[in-house]
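A short worksheet on the structure shown next.
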Amino acid sequence: MFSTPHATLAVTDTHKSALRRALRVTASEKWDLNRRFPLVMSRASGAHVWDVDGRRYVDLTSCSGAAPLGAGYEPVVDHVVSELRRTGGILPGPLSVHRIELAERLAEIFPRAQRSLFFRTGSCATTAAIRLARAHMGTNLVLTSGYHGWHDWHLQDRPAMGLPDRDRDSVDFRYDLDLFEKLSGEQRVAAVIITPEVNFFPPEYHRELQNLVHRRGALLILDEVMTGFRYGLGGYHTAVGLAPDLITLSKGLANGMALSAVAGRAEVLNAAEKTYLGNTYQREITPFAAALSTLDALRNGAALARMRQVGMQIINGLNGVFASQQVRARAFAWPTMFDVVFANADLGFAFFQEMWSRGFLMQYGGRFMPSAALSDADVQAAIEAAGQALPAALVRLESTGRDTDLMAAAVRFAGDHFLATADSVRRWFTEPSHP
Ligand SMILES: Cc1ncc(COP(=O)(O)O)c(C=O)c1O
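Our numbering puts the first residue of the sequence shown at 41, with every later residue one more than the last.
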């Protein structure tokens, strides 16, 4: 999947020692260092974050999408602190006024969300959605595409991540509608769960999939952990007119606090009576308080509009840099959650490593998820840094950056990052045009 070693930032002895301690007691070399930023971080404010050396970075990921309003967004922090003081942070029973109010608010924002159940992580929400679908349908086969978290049931097709044969009733159709038909065959299918990879697969793709799912009498689960509060208010399905039976939500719901939800048709959620989905920390009040204030802040659309604006500026700025230096690479497509694909993936890794060392956090194969807290100065500085990072990466790799074709790179990228088949990418992906 990823091949390039992590960045060699000129770190201080303090930082090196913190990294060594991390490796000794907690860090995974593969996941935390090679595939993320090899930094020990210390504090954050808005779109800025500081490492243990006190160096400041601009976060272009909103903390993996978790904090769209930026770190320490005051109305959210104030509400969390006051509820922490008023309640102690957790109540003995799982039902709180906060939980009821949040479920009602989700029903207003997402018309499909007649009922909601709450968890802490996206992985828990998607796993609960699968359990509910199986319990409701009385059958087990689940077809899946895209990443849904670290739980066993869907990682078997990703040897680097999962354990094989953990859930023989869940099969990855890799965004390929022909493979979908082949895999489902004559069997009864409980549900299809898909993460909308909006930069690669257009709304027509999802509508065609929905037709196939309905024809089979299966449930459609849209994993909106990434898109729920980032694609648009009401999520991806509302924006493009899909009617999923269940949706899963998490990133951005509570602006950085751990909270996730399965929401959807009451009839399907009622299958919770046939199984057990209780979890101790649904009693915790602070994430619900954070969510209620986050939804207040998102309500008028201004934060999303700002995210779209800065996203578009960065897309245009990066594409300008790629074009001016004649490098085959492209930033595209949905401004609040865009991807960057390099024809030469090694150059992509090197480019982002050069960006880290200039103070801009983003990794190749990750996704740009700008927060509303990014200033115009942050954006300008990021584009200027890209203009310096690209030649530095070219020199490092002794590359011209002009090699191979971008469609082949997009096929590789989608295969590596969300297991899409080459046929499905070639059929649905439109190569972004030059700026
Ligand atoms: C679409 C999608 N589903 C599920 C998850 C899993 O969420 P978590 O990491 O909170 O378990 C993620 C995380 O990146 C995601 O992007």
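Think of the CB as a built atom: it goes at the ideal place given N, C-alpha and C, for glycine as much as any other residue.
| message | Within 10 Å of its beta-carbon, does Trp71 have 16 or more other beta-carbons around it, so buried, or fewer, so exposed? | response | exposed
| task | Assign Ser102 to one of three DSSP states: helix, strand, or coil. | result | coil
| message | For ligand 1, is there any heavy atom lying closer than 7 Å to the beta carbon of Val265? | response | yes
| request: Count the other CB atoms, across all protein chains shown, that sit within 10 Å of the CB of Gln393; report buried if there are 16 or more and exposed otherwise. | output: buried
| field | Buried versus exposed, by CB contacts within 10 Å (16 or more), Ala369 | value | buried
| said: Spatial neighbours of Leu223 within its chain, please: C-beta separation below 8 Å, excluding the five flanking residues on both sides. | reply: Leu183, Val211, Phe213
| On the three-pair Cβ rule with 8 Å, is the region 289-303 touching the region 327-344? | yes
| task | Excluding the 5 residues preceding and the 5 following Ala87 in the sequence, name in chain order all residues of the same chain whose CB lies nearer than 7 Å to its CB. | result | Val98, Asp99, Gly110, Ser411, Ala413, Leu414, Asp418
| Measuring from the CB of Trp71, is there a heavy atom of ligand 1 at a distance below 7 Å? | no
| So does the region 192-210 actually touch the region 342-356, counting three or more Cβ pairs closer than 8 Å? | no
| request: Taking only runs that begin and end inside the region 295-359, name each unbroken alpha helix (DSSP H) of 4 or more residues, in chain order. | output: 306-309, 326-338
| said: Following a CB-centred definition, is His138 positioned closer than 7 Å to any heavy atom of ligand 1? | reply: no
| query | Mind checking whether the beta-carbon of Trp190 lies closer than 7 Å to any heavy atom of ligand 3? | reply | Because ligand 3 does not appear in the structure shown, any question about it cannot be addressed here, the ligands present being ligand 1.
| Identity of the residues DSSP links to Ile234 by a beta bridge | Ser185, Leu262
| Close Cβ partners of Arg228 (< 6 Å) along its chain, the five nearest in sequence each way excluded | Thr179
| query | Using the C-alpha atoms, what's the distance from Tyr321 back to Gly133? | reply | 10 Å
| Does the beta carbon of Gly202 fall short of 7 Å from some heavy atom of ligand 1? | no
| field | Three-state secondary structure (DSSP) of Tyr245 | value | helix
| Applying the criterion that 16 or more other CB atoms from any shown protein chain within 10 Å of the CB defines a buried residue, is Asp218 buried or exposed? | exposed
| Residue range of the beta strand (DSSP E) that Thr167 falls in? | Not the beta strand (DSSP E): Thr167 falls in the alpha helix (DSSP H), residues 162-177.
| In three-state DSSP terms, what is Phe42? | Low confidence applies here, because Phe42 scores a pLDDT of 31, under 50, leaving its location unreliable and the question unanswered by this model.
| field | Same chain, Cβ closer than 7 Å to Met41, neighbours up to 5 away in sequence not counted | value | Here the model assigns Met41 a pLDDT of 31, short of 50, so the residue's position is not dependable, and the following value carries that caveat. Counting only Cβ-Cβ distances below 7 Å, and skipping sequence neighbours, we find Ala200, Asp456.
| query | Of the choices Leu401, Leu437, Leu434, whose alpha-carbon is the least far from that of Ala422? | reply | Leu401
| request: Find the nearest neighbour of Gly406 within the set His55, Arg75, Thr54, Leu59, judged by alpha-carbon distance. | output: Arg75
| field | Coil, strand or helix - Val381 by DSSP | value | strand
| message | Going by DSSP in three states, Gly275 sits in which element: helix, strand or coil? | response | helix
| request: Find the nearest neighbour of Ile484 within the set Ala62, Phe378, Glu244, Val232, judged by alpha-carbon distance. | output: Outside the displayed range of the chain (41 to 475) lies residue 484, so it cannot be described from this structure.
| field | Close Cβ partners of Ala173 (< 6 Å) along its chain, the five nearest in sequence each way excluded | value | Ala230, Ala231, Leu259
| Rounded to whole angstroms, how far is the Cβ of Tyr276 from the Cβ of Leu299, which I believe are closer than 8 Å? | Not really, about 19 Å apart at Cβ, beyond 8 Å.
| request: Measure how close the beta-carbons of Ala429 and Arg398 come, nearest whole angstrom, since I'm counting them as under 8 Å. | output: 6 Å
| So is the beta-carbon of Ser156 under 7 Å away from any non-hydrogen atom of ligand 1? | no
| field | Best match in Thr235, Gly186, Phe382, Ala169 for proximity to Phe159 [C-alpha to C-alpha] | value | Ala169
| field | Cβ of Gln322 within 8 Å of any chain C Cβ | value | Note that chain C does not occur in the displayed structure, where there is just one protein chain.
| For Phe458, the first and last residue of its enclosing alpha helix (DSSP H) | 446-458
| field | Candidates Ser464, Gly268, Val308, Asn384, of which the one nearest Leu146 by Cα | value | Gly268
| Since Pro108 and Met266 are thought to touch, with beta carbons under 8 Å apart, how far apart are those beta carbons, to the nearest angstrom? | In fact, because the Cβ distance is near 11 Å, the residues do not count as touching under 8 Å.
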